[in-house]
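Everything below concerns the one structure shown next.
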Amino acid sequence: MTKKLDSLTSWHSEWQGLRVAVFGLGMTGFSVADTLAELGCEVLVIAGKPDEDRQRILQVLQVPCVVTETQDEVPQQLRDFNADLVVTSPGYPPHHALLRWAQDESIPVWGDIELAWRLRDKTGTRSRWLLVTGTNGKTTTTQLAAHMVAESGMRVAPAGNIGIPVLDAVRDPQGYDVLVVEISSYQLYHTHTVSPEAAVVLNVAPDHLDWHGSFAAYREAKGRAYHLARIACVYNLADETTRELVEAADVVEGCRAIGFGTDVPPVSALGVVNGVLVDRAFLDDRRTRALELTTLDELRERGMSAKHLVEDVLAAAALARAIDVSPEQISAAIAGFTPDQHRNQQVLTHNGIRWVDDSKATNTHAAEASLQAYRSVVWIVGGLLKGVDIAPLVASHAERLRAAIVIGTDREPVQTAFAQHAPEVPLVAIDCDDTDRVMPQAVAAALELAQDGDTVLLAPAAASMDQFDSYSDRGEKFQQAVRAAVADTNQ
């Protein structure tokens, strides 16, 4: 069967009759099942929870679906299915009972990214891929890179973990010249033959340890982004781990290592010289010259002058330059770009206090980048910590904290970290699990503590699903509470 799977490298390969078990019925799992049914495969979906709408569509597609009752259950229907292949959704960690069973049965396991890579020629020409991963900054970099490529006239889509399943992009009737794929460590874990034109690992810091089991495993998964890269492996000059991952990568011969950073760039890197973002990598005379891309003043006007956002711009530009997008096109794209909501988004300034929504800072690395951008902070922090120790973050930023307000179900480890490493920082814990009341209480506490010149910063360093539907829901509720509180003070 391995030989058979090795031959499945095109939409037009012989997929008919292949028996595929699909794990998960979320957005990703459903796109996988729908695609495989269209290809003529025999498909069985195993879902962790019911989804009436998607199950109804599967019935129309004649795809059976089994809903498992527990995490440890391997349904008899799956055992009897005799699968040739498993395609798993990102939410299933390697230690999940279903994946352990597949390993014991020697059944190959792919993710949706691996499947999409093999099917990317549905409309004719194979799309070129740019991969974006990292602990922090993936979505902004993905959006920026896609915006830059679009400015060049190529048909491009941001896809993957950004919210558009990559299989949906692959099956678009008009097709794409380029896909900029935001890819998580979960998805990278199950890639095998993906060979992007260029890839970037923006940064690597402990995250998702509950899924991977260790930081070493998480780090290794991130490094798979560089596997079989063709033109450029883009790495962060300020993050030694990303350089080490490039050095260890098995790439296509001729692929170059391209650095980025906010200092004056060495040869074969992008950086900043006297307030100007420059490319010193993608030009023949790079030892003596650099190409101007944009300026810090321009980024400031776009609300993108914080260090981590400048890094995102440089990383995106490196990806775009790898496929011959011109410096002029990159400059024009930046001038027309609007950052994503809930990403270092200024809500308002009132009585000298700035309110900033960085709800997308769902891990400590992202929160650290956000905290570094402000001098005096009332920090709203907490949520689902995902097994990550928040104490180092508290210790390293204690001096810039006016106060801290703790939300979320994992309040105790956050409070313990402050007691040990920042006992002098005033701390308010919001002991409330009512989603509609959490943010109004947190904002009211911040309003009491903040002073003229402070920034009230929502940068939770944690996932949101304990009290909110998503990080965007958390951010929206914060913004609503801020506007309501400020309106009350004006009455």
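So that you can map any letter, position 144 of the sequence shown is 143 in numbering that gives the first Met the number 0, and since no number is skipped, the others follow by simple counting. All C-beta atoms, glycine included, are put in the ideal place defined by N, C-alpha and C.
Check: Cβ contact check for the stretch 321–341 and the stretch 149–156: 3 or more pairs under 8 Å; Outcome: yes
Check: Exposed unless 16 or more other CB atoms sit within 10 angstroms - verdict on Arg55; Outcome: exposed
Check: Neighbour-count burial assignment, Pro89, 16 or more Cβ in a 10 Å radius; Outcome: buried
Check: C-beta atoms of Pro459 and Ala360 nearer than 8 Å; Outcome: yes
Check: C-alpha gap between Arg288 and Ala316, whole angstroms; Outcome: 17 Å
Check: Identity of the residue in Glu367, Ala416, Asp451 nearest Arg401 by Cα; Outcome: Asp451
Check: Helix, strand or coil at Leu446 according to DSSP, with G and I counted as helix; Outcome: helix
Check: Reduced DSSP secondary structure (H/G/I, E/B, other) of Tyr234; Outcome: strand
Check: Reduced DSSP secondary structure (H/G/I, E/B, other) of Val491; Outcome: Within the shown structure, residues of the chain are numbered from 0 to 490, placing residue 491 beyond reach of any answer.
Check: Whether Pro412 touches Ile429 by CB criterion (8 Å); Outcome: no
Check: Integer-rounded CB distance, given that Asp357 should sit under 8 Å from Val346; Outcome: Incorrect: roughly 10 Å between the Cβ atoms, too far for contact.
Check: Start-to-end residues for the alpha helix (DSSP H) that takes in Leu98; Outcome: 96–103
Check: Reduced DSSP secondary structure (H/G/I, E/B, other) of Leu290; Outcome: strand
Check: Counterpart residues of Gln345 in DSSP-defined beta bridges; Outcome: Val355
Check: Beta-bridge partners of Phe22, as assigned by DSSP; Outcome: Ile45, Thr87
Check: Paired residues, beta bridge with Cys64 - DSSP; Outcome: Val44
Check: 8 Å contact criterion, which Leu84 and Pro107 should meet: CB distance rounded; Outcome: 5 Å
Check: Cα-Cα separation, Val442 to Phe477; Outcome: 7 Å
Check: Near the ligand ADP: Phe281 beta-carbon under 7 Å from a heavy atom; Outcome: For the structure depicted, the ligand ADP is absent and the ligand set is empty, with no information on it obtainable.
Check: Cβ-based burial, Arg279 [other Cβ within 10 Å; buried from 16]; Outcome: buried
Check: Distance CB(Thr240)-CB(Arg255) smaller than 8 Å; Outcome: no
Check: Residue from Val377, Ala237, Gly270 with nearest C-alpha to Thr454; Outcome: Val377
Check: Own chain, CB closer than 6 Å to Gln186, minus 5 neighbours either side, in chain order; Outcome: Pro89, Gly110, Ile112
Check: Beta-carbon contacts of Phe29 that lie in its chain and below 7 Å, excluding the five residues immediately before and after; Outcome: Arg53
Check: Environment of His307 [buried if 16+ CB atoms lie within 10 Å]; Outcome: buried
Check: Supposed close pair Asp71, Ala96 - CB separation, criterion 8 Å; Outcome: 5 Å
Check: Three or more C-beta pairs below 8 Å linking the stretch 188–205 and the stretch 114–130; Outcome: yes
Check: Which listed residue (Arg117, Leu114, Val73, Lys121) has its alpha carbon closest to that of Asp103; Outcome: Val73
Check: Val169 classed as buried or exposed, judged by whether at least 16 other C-beta atoms fall within 10 angstroms; Outcome: buried
Check: For Ala421, the nearest candidate out of Asp435, Ala397, Gln466 (CA to CA); Outcome: Ala397
Check: Three-way DSSP call (helix, strand, coil) for Arg255 in this model; Outcome: strand
Check: Any beta strand (DSSP E) of 3 or more consecutive residues that is wholly inside the stretch 290–323; Outcome: 290–294
Check: Sequence-distant residues of the same chain with beta carbon closer than 7 Å to Arg125, five excluded per side; Outcome: Arg119
Check: Candidates Gln173, Ala319, Glu310: closest to Gly123 by CA position; Outcome: Gln173
Check: Other residues of its chain near Arg285: CB distance less than 6 Å, five sequence neighbours each side excluded; Outcome: Val266, Arg279
Check: Limits of the beta strand (DSSP E) - the one that Leu269 falls within; Outcome: 268–272
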